[in-house]
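Q:
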């Protein structure tokens, strides 16, 4: 068990090949970070990458590691399933934890969106 006063929980859903390689499964790597160090809490498989499924999986991992009370910030990409104002994982996780948390949108993903828009504007398909 980690002994921390406060921490940030990070997650990013990934669609990965199943062990059988016949299909892909939704997985959710969850990391807790504090004092400049990170610790992988787990990589649960999800029925779907909905905000409800993600928030439940994150909450379960935090509870298993007795970290529910120390999480002060939530770090994730800015997809609707994470940041939606009604059914986003952040909102649902805050409800499960019983108080507001600081949102830290992942800068890497924000830069991807900016670059995507720039490429779509500047580069056209040639026939």
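Residue numbers (the UniProt record's numbering): 1 to 127. Note that the Cβ used here is the ideal one computed from N, Cα and C, for glycine as well.
1) Starting from the C-beta of residue 4, find all residues in its chain whose C-beta is less than 7 Å away, skip the five residues before and the five after it, and write them out in chain order.
2) In terms of alpha-carbon separation, which member of 67, 63, 28, 115 lies closest to residue 81?
3) Tell me the residue span of the beta strand (DSSP E) that contains residue 33.
4) Which residues in the same chain as residue 40 place their Cβ atom closer than 8 Å to its Cβ, once the five residues preceding and following it in sequence are excluded?
5) What runs of the alpha helix (DSSP H), each 4 residues or longer, lie entirely inside the region 5 to 83?
A: Once the coordinates are examined:
1) The beta carbon of residue 4 is closer than 7 Å to those of 34, 70 in its chain, skipping five residues each way along the sequence.
2) For the residues 67, 63, 28, 115, the minimum Cα distance to residue 81 belongs to 28.
3) For residue 33, the enclosing beta strand (DSSP E) starts and ends at 30 to 34.
4) Contacts found: 29, 30, 31.
5) If only uninterrupted alpha helix (DSSP H) runs of at least 4 residues are considered, those enclosed by the region 5 to 83 are 51 to 64, 80 to 83.
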